[in-house]
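The sequence shown maps to residues 137 to 345 in my numbering.
We put the beta carbon where it would ideally sit given N, CA and C, even for glycine.
All of these numbers come straight from a predicted model, not from anything done at the bench.
Accompanying notes for the structure given below.
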Amino acid sequence: MSGTETAASAATGAPAAPAAAAATDSGPGRRDAGATQAVILRAARYLLARHAHGDITLKAVAERAGVSPPLIMKYFGNKEALFARVMSFEEDAAALLDAPLGDLGRHMVRHVLVSQSEQGADPLLRIVFAPLQGSQGDRLRTNFRSQVSDRLALRLDGTDAGLRAELAVSMLLGLGVMYGIARGTEVRATALDVVVERYAPAVQACLTP
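See below:
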């Protein structure tokens with residue numbers, strides 16, 4: 137697998153390669169419904185980072201996830217419902233913003249780093265990797281603004297809250313790109329707590345009027 141493929145996998149939360157028996161609902165290795173859905177969503181995100189929405193089939197998602205197409209339909213109903221979830225940042229934003237305002241910068245920086253380093257995912261980088269042409273791109277941008285940037289702005293006091301929210305989110309995206317895509321050697325070799333101490337104050341400054 138190339139460096140680009142590896143970086144995209146980390147950014148989209150996709151496994152490095154399909155796990156043929158990773159998500160079945162029968163047999164001794166049975167997964168619960170939540171874990172199976174997570175595998176399917178990771179596979180769909182992986183494909184969306186590389187192909188236009190219209191070119192992706194349920195069969196391709198199923199092969200990537202190691203499940204059957206009927207199982208995807210069981211959990212998500214159809215392709216449109218599946219990709220509505222894939223294009224949503226709602227759950228990721230809820231976790232990213234789950235801290236008091238006074239500690240939110242630190243929390244968000246730590247969340248991005250832990251997601252990248254320990255979970256092989258990133259709460260925001262889908263907006264960087266996914267093809268953004270046509271209606272699919274419009275939907276992703278709209279979701280990103282309303283569910284991430286605008287949601288953060290509503291938490292902020294003072295003037296120019298929208299600007300400060302977008303600047304803070306930009307800093308988080310930059311950190312995610314450096315860690316997961318550019319694979320900065322110093323950032324990746326430095327203890328997570330040290331990076332948080334260095335970076336979080338700058339993010340917090342954007343959140344403070």
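When the options are compared against residue i, the one with the closest alpha-carbon
i    : options                : result
V339 : Y315, L309, A327       : L309
M244 : M314, M307, A180       : M307
V305 : A325, G294, V248, V222 : V248
R181 : Y211, G213, F225, D239 : F225
F219 : L184, P236, E227, G238 : L184
V175 : H187, Y211, R186       : Y211
P345 : D239, D296, R334       : D296
Q173 : D191, A217, I192       : A217
Residues near residue i by beta carbon distance below 7 Å, same chain, minus five either side
i    : result
K215 : L194
A369 : Since the first and last residues shown for the chain are 137 and 345, residue 369 lies out of range.
R300 : L292, C342, L343
F280 : F225, I263
P205 : L194, K195, A198
Inter-residue Cα distance where the pair is residue i and residue j
i    : j    : result
L288 : I208 : 32 Å
E199 : D168 : 19 Å
S285 : E302 : 6 Å
S282 : V203 : 32 Å
G241 : A171 : 30 Å
L328 : R221 : 30 Å
R186 : E227 : 22 Å
L290 : L237 : 11 Å
G294 : L177 : 38 Å
I317 : G213 : 33 Å
Cβ neighbours of residue i in the same chain (closer than 6 Å, five flanking residues each side left out)
i    : result
Q272 : H189
G320 : M314
I192 : L183
Any non-hydrogen atom of the ligand MG within 6 Å of residue i CB
i    : result
L311 : The model on display carries no ligand, and the ligand MG is accordingly not part of it.
Residue i: first and last residue of the uninterrupted alpha helix (DSSP H) it sits in
i    : result
L183 : 169-184
H243 : 240-255
F225 : First-last for F225: undefined, no H or E at that position.
Y102 : Shown here, the chain extends from 137 to 345; a query on residue 102 therefore has no answer.
Q110 : Summary: the structure shown does not reach residue 110, with the chain confined to residues 137 through 345, and so no result is reported for it.
L207 : 205-212
L194 : 194-201
D286 : 286-289
R324 : 321-325
Cβ neighbours of residue i in the same chain (closer than 8 Å, five flanking residues each side left out)
i    : result
Y315 : V248, L249, Q252, S253, V323, R324
P337 : G241
V332 : R242, V245, R246, L249
G298 : S285, D286, A289
Quiz item: Are there three or more Cβ pairs, one per stretch, closer than 8 Å when the segment 256-264 is compared with the segment 223-238?
Solution: Counting Cβ pairs under 8 Å, three or more are found: they touch.
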